[in-house]
Amino acid sequence: MQSFIQSLPKAELHLHIEGSLEPELLLSLSRKHQIDLPYKNIEQIHQAYNFEDLQSFLDLYYLGASVLIDEDDFYQLMWQYLCKCKEQNIVHTEIMFDPQTHTHRGIGFDVFMPGFLRAIKQAESEWGQSVYLILSFLRHLSQEDALLTLDAAKNYLADVKAVGLDSSEQGNPPRKFAQVFSKSAELGLLKVAHAGEEGPADYVWEAIQLLHVDRIDHGVRSDEDPKLIDYLKLHQIALTVCPLSNTKLCVFDDMTQHNILKMLDQGLLVTVNSDDPSYFGGYLNENYLALHTAFELDKSTITQLVKNSFIGSFLPAEQKKHWLNQVDAALAK
Ligand code: HPA
Ligand code: ZN
């Protein structure tokens, strides 16, 4: 099944670039910039990456991001992930980045954006990688801060496809960000938001009704509200589900308890994604494999999930059609 998963062209729709910072790069950048970390080696990092909930992960995720200082650091970070895309046959990816994680340390858009864009242009020209960027607001900060961030991004919005909302969900409902999402829409940006990861199904409703999102990140707790499930099905609103993330952060006790297949059976547009692969123990193919190990997926289920990744993407219709045909072509081989 591993080679079958590998053989299919896939899209990834939920990936935090800061969450793709591998322990090796983390250590080498900490040495380069002489930043003290509570880990001395890779082994200690792996031991530390044992999380009990979202916040316990976020604490280490923000700590890890503190080694990203200059343009080349952001280039290396993006380049390493894009090389993974090539390796795993991820032909299209929609990547989130957290500007405030950097601007709050005095590192501005003119540092991280040129680094990201240099890597993206290289991957586009070297092997035709398709990439969109999603600028994510940190929901534990204020809407005012998000508005300032959107303003600070103005010279780079031509390279940004959508805005998103991430970080600590509980107690930071989508409604807190209605104004900045409305302003983003006026600027021509699409919208996504993390909702229903740890927070209640009501937050998914808020993301839909108050932020007017085009897609929901995670959304696994939608399951608690049958009316919401009906709505997601009727409108085919994509959910970007992240199986390894959900088990590492104890949203589900183990993979056999995950509800992604139940939601797929209910007719929802669910997709498979890696979220923060360096912290959760696997990139996209490992997420498909983990589902296969837990549920013995057949090829047609995997194919449907892969097709959903293109259907739920922000690609224009003709490119979606192109990639869906490519999936069928890979199947025929
Ligand atoms: N949830 C919320 N915020 C995040 C996540 C996540 O899974 N990953 C990175 N920031
Ligand atoms: Zn996420």
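Just so we're aligned: the sequence shown equals residues 85 to 417 in this note's numbering. The C-beta atom is built at its ideal place from N, Cα and C for all residues, glycine as well.
Local Cβ density within 10 Å of residue i, reported as buried at 16 or more and exposed below that
i	result
His100	buried
Gln160	buried
Trp211	exposed
Lys405	exposed
Tyr189	Checking the sequence, you will find Arg at residue 189 rather than Tyr. Result: exposed.
Thr340	exposed
Arg299	buried
Leu271	exposed
Ile191	buried
Ala242	exposed
Gln86	exposed
Nearest to residue i (by Cα), restricted to the options the options
i	options	result
Val195	Tyr315, Glu208, Gln206, Asn239	Asn239
Glu349	Glu281, His302, Lys317, Thr233	It is Asp, not Glu, that sits at residue 349 in the sequence shown. Taking only the C-alpha atoms, the option nearest Asp349 is Lys317.
Ser150	Leu110, Thr177, Gln131, Met180	Leu110
Trp407	Gly103, Ser266, Ile321, Gln213	Gln213
Leu353	Asp314, Asp360, Ser329	Asp314
Gly351	Thr331, Asp307, Gly255	Asp307
Ser384	Leu415, Arg115, Ala262, Pro400	Leu415
Val335	Glu282, Phe364, Tyr146	Glu282
Glu155	Asp143, Phe193, Ala291, Val215	Phe193
Glu253	Tyr287, Leu217, Ile179	Tyr287
Gln172	Tyr123, Trp163, Leu368	Leu368
Lys311	His302, Ala291, Ala285, Asn330	Ala285
Paired residues, beta bridge with residue i - DSSP
i	result
Val325	Val356
Phe221	Leu249
Glu96	Thr177
His296	According to DSSP, which records beta bridges pairwise, His296 is partnered with nothing at all.
Asp301	His278, Thr324
Enumerated in chain order, which unbroken segments of the alpha helix (DSSP H) with a length of 4 residues or greater are wholly contained in the region 152 to 216?
155 to 172, 183 to 187, 193 to 211
Contact between the region 160 to 171 and the region 394 to 408: three or more CB pairs below 8 Å?
no
Enumerated in chain order, which unbroken segments of the beta strand (DSSP E) with a length of 3 residues or greater are wholly contained in the region 249 to 288?
274 to 279
Pairs of beta-carbons, one from the region 371 to 379 and one from the region 333 to 353, closer than 8 Å: are there three or more?
yes
Three Cβ pairs or more, each shorter than 8 Å: is that satisfied between the region 272 to 283 and the region 245 to 256?
yes
Per the contact definition of three or more C-beta pairs closer than 8 Å, is the region 194 to 208 in contact with the region 120 to 130?
no
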